[in-house]
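Asks: Let me begin by handing over the structure; questions about it come next.
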Amino acid sequence: MGANESHTSSHTHDEGPSTKPRLGDIPESCVALVLMHLDPLEICNLALLNRAFHAASSADFIWETKLPSNYRFILDRVFDDHKTMADLVKKDIFAKLCRPIPFDGGTKEVWLDKKTAGVCLSISSKALTITGIDDRRYWNHISTDESRFQKVAYLQHIWWLEVDGELEFQFPAGTYSLFFRLQLGKSTRRMGRRVCNTEHVHGWNIKPVSFELTTSNGEHAVSQCFLDNPGNWVYYHVGDFVVLHPNEMTKIKFSLTQIDCTHTKGGLSLDAVFIYPSNLGSEMSTTFKL
Numbered sequence: 001m002g003a004n005e006s007h008t009s010s011h012t013h014d015e016g017p018s019t020k021p022r023l024g025d026i027p028e029s030c031v032a033l034v035l036m037h038l039d040p041l042e043i044c045n046l047a048l049l050n051r052a053f054h055a056a057s058s059a060d061f062i063w064e065t066k067l068p069s070n071y072r073f074i075l076d077r078v079f080d081d082h083k084t085m086a087d088l089v090k091k092d093i094f095a096k097l098c099r100p101i102p103f104d105g106g107t108k109e110v111w112l113d114k115k116t117a118g119v120c121l122s123i124s125s126k127a128l129t130i131t132g133i134d135d136r137r138y139w140n141h142i143s144t145d146e147s148r149f150q151k152v153a154y155l156q157h158i159w160w161l162e163v164d165g166e167l168e169f170q171f172p173a174g175t176y177s178l179f180f181r182l183q184l185g186k187s188t189r190r191m192g193r194r195v196c197n198t199e200h201v202h203g204w205n206i207k208p209v210s211f212e213l214t215t216s217n218g219e220h221a222v223s224q225c226f227l228d229n230p231g232n233w234v235y236y237h238v239g240d241f242v243v244l245h246p247n248e249m250t251k252i253k254f255s256l257t258q259i260d261c262t263h264t265k266g267g268l269s270l271d272a273v274f275i276y277p278s279n280l281g282s283e284m285s286t287t288f289k290l
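One point on numbering: in full-length UniProt numbering, the residue at position 217 of the sequence shown is 217, and numbering is uninterrupted.
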């Protein structure tokens with residue numbers, strides 16, 4: 001009896017490592033199936049847990065579901081070596097597309113939102129048709145580190161404000177919002193500090209500016225507002241458009257106008273036009289519409 005008890009006790013204490021399952025014991029294939037249901041940032045965070053999660057996080061079938069439906073169109077549009085790019089693993093393609101990529105001579109950029117993989121675009125003032133832009137009495141292009149394009153169009157004064165732009169692009173299905181990024185005043189740096197000169201700001205409180213958006217599938221949006229908040233960049237919401245057919249090109253035309261010639265207006269900095277999926281655009285600062 002005592003011998004039996006002694007044997008049992010010894011067996012219990014000499015047992016090998018615990019047989020309880022550990023995180024590292026989960027097969028990579030199972031981990032990959034779980035990761036497929038997470039967003040890109042969550043996948044990257046979990047990849048730091050251990051080798052199994054890191055290896056599983058690189059599976060092509062995971063990132064194929066995170067890439068937008070038009071990612072091959074984007075590769076063709078913005079990369080000269082698009083065929084080589086297409087041969088990369090899907091995780092690397094996603095990472096490259098999350099960084100703003102210039103195209104059309106550097107006047108436009110496209111990138112993916114890291115969390116949602118939504119397609120975002122920006123269009124610089126250089127790519128817009130601006131009435132009087134070649135007359136230095138009215139407009140100038142000035143350098144600034146406050147623009148992703150390093151330059152903005154600055155309006156000294158004018159009677160007739162008219163800015164037009166257009167873009168033809170293939171978007172994934174969804175709803176998108178278009179914004180003008182504007183500022184009343186001209187920003188500079190003095191002694192390392194930001195200073196905004198507003199001495200030429202005038203005329204914007206008399207009549208509102210008008211924004212307009214039309215698309216090739218017949219959508220049309222019009223809005224008006226007074227420009228305000230001098231010294232601060234504001235995203236002015238022009239309107240939304242819906243993409244139903246992701247394999248087709250969508251042509252967008254948009255404008256900013258204030259053509260009441262009873263008064264001059266000036267002191268306006270025009271940075272760029274931005275297009276975001278509407279779930280991201282709703283987070284942008286906007287002004288009230290009339």
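Cβ atoms here follow ideal geometry from the backbone N, Cα and C, with glycine treated the same way.
1. Would the stretch 216-230 count as touching the stretch 148-161 if we require 3 or more Cβ pairs under 8 Å?
2. Does DSSP put residue 251 in a helix, a strand or coil?
3. Could you tell me how far apart the beta carbons of residue 352 and residue 200 are, in whole angstroms, since I believe they sit closer than 8 Å?
4. Pairs of beta-carbons, one from the stretch 101-112 and one from the stretch 237-256, closer than 8 Å: are there three or more?
5. Is the CB-CB distance between residue 146 and residue 216 below 9 Å?
6. Relative to the C-alpha of residue 213, which candidate in 255, 156 and 72 has its C-alpha closest?
7. Go ahead and label residue 192 buried or exposed: buried means 16 or more other beta carbons lie within 10 angstroms of its beta carbon, across all protein chains shown.
8. Just confirm the distance between the C-beta atoms of residue 123 and residue 110, as a whole number of angstroms; I'd bet it's less than 8 Å.
9. Would residue 99 be called buried (16 or more neighbouring beta carbons within 10 Å of its own) or exposed?
10. Our contact map puts residue 179 next to residue 237 with C-beta atoms below 8 Å; I'd like the distance itself, whole angstroms only.
11. Looking only at its own chain, which residues have a Cβ that is under 6 Å from the Cβ of residue 271, when we skip the five neighbours before and after it?
12. Determine the extent of the beta strand (DSSP E) in which residue 108 is found, giving its start and end residues.
13. By how many angstroms is the C-alpha of residue 261 removed from the C-alpha of residue 149?
14. With residue 186 as the anchor, note down where its beta strand (DSSP E) starts and where it stops.
15. Can you round the beta-carbon distance between residue 72 and residue 95 to whole angstroms, since I take them to be within the 8 Å contact cut?
16. Give the straight-line distance between the Cα atoms of residue 44 and residue 30, rounded to the nearest whole angstrom.
17. Can the beta-carbon of residue 268 be found closer than 9 Å to that of residue 228?
Replies: In this structure, then:
1. no
2. Working through the sequence shown from its first residue, we reach residue 251 at position 251. The answer is strand: DSSP assigns residue 251 an E or B state.
3. Nothing in the structure corresponds to residue 352, since the chain is present only between 1 and 290.
4. no
5. The sequence position of residue 146 within the sequence shown is 146, counting from 1. The sequence position of residue 216 within the sequence shown is 216, counting from 1. No, the pair does not count as a contact, with Cβ atoms beyond the cut-off.
6. One-based indexing of the sequence shown puts residue 213 at position 213. Answer by Cα proximity: 255.
7. Stepping through the sequence shown from its first residue, residue 192 is reached at position 192. It is exposed - the Cβ of residue 192 has fewer than 16 other Cβ atoms within 10 Å.
8. As a working mapping, residue 123 is identified with position 123 in the sequence shown. As a working mapping, residue 110 is identified with position 110 in the sequence shown. Contact doesn't hold; Cβ gap of about 10 Å is too wide.
9. On the sequence shown, residue 99 is found 99 positions in, with the first residue counted as 1. Residue 99 should be labelled exposed.
10. On the sequence shown, residue 179 is found 179 positions in, with the first residue counted as 1. On the sequence shown, residue 237 is found 237 positions in, with the first residue counted as 1. About 6 Å; that satisfies the 8 Å criterion.
11. Counted from its first residue, the sequence shown places residue 271 at position 271. Cβ within range, chain order: 147, 152 and 181.
12. Counting from one through the sequence shown, the residue named residue 108 turns up at place 108. First-last of the beta strand (DSSP E) with residue 108: 108-112.
13. If you number the sequence shown from 1, residue 149 lands on position 149. If you number the sequence shown from 1, residue 261 lands on position 261. Going from the Cα of residue 149 to the Cα of residue 261 covers about 31 Å.
14. For the purposes of this step, residue 186 is taken as the residue at position 186 of the sequence shown. Element bounds for residue 186: 186-190.
15. Counted from its first residue, the sequence shown places residue 72 at position 72. Counted from its first residue, the sequence shown places residue 95 at position 95. Not a contact, Cβ separation roughly 16 Å.
16. Stepping through the sequence shown from its first residue, residue 44 is reached at position 44. Stepping through the sequence shown from its first residue, residue 30 is reached at position 30. Taking the straight line joining both Cα atoms gives about 17 Å.
17. Counting from one through the sequence shown, the residue named residue 268 turns up at place 268. Counting from one through the sequence shown, the residue named residue 228 turns up at place 228. No, the Cβ-Cβ distance between residue 268 and residue 228 is not below 9 Å.
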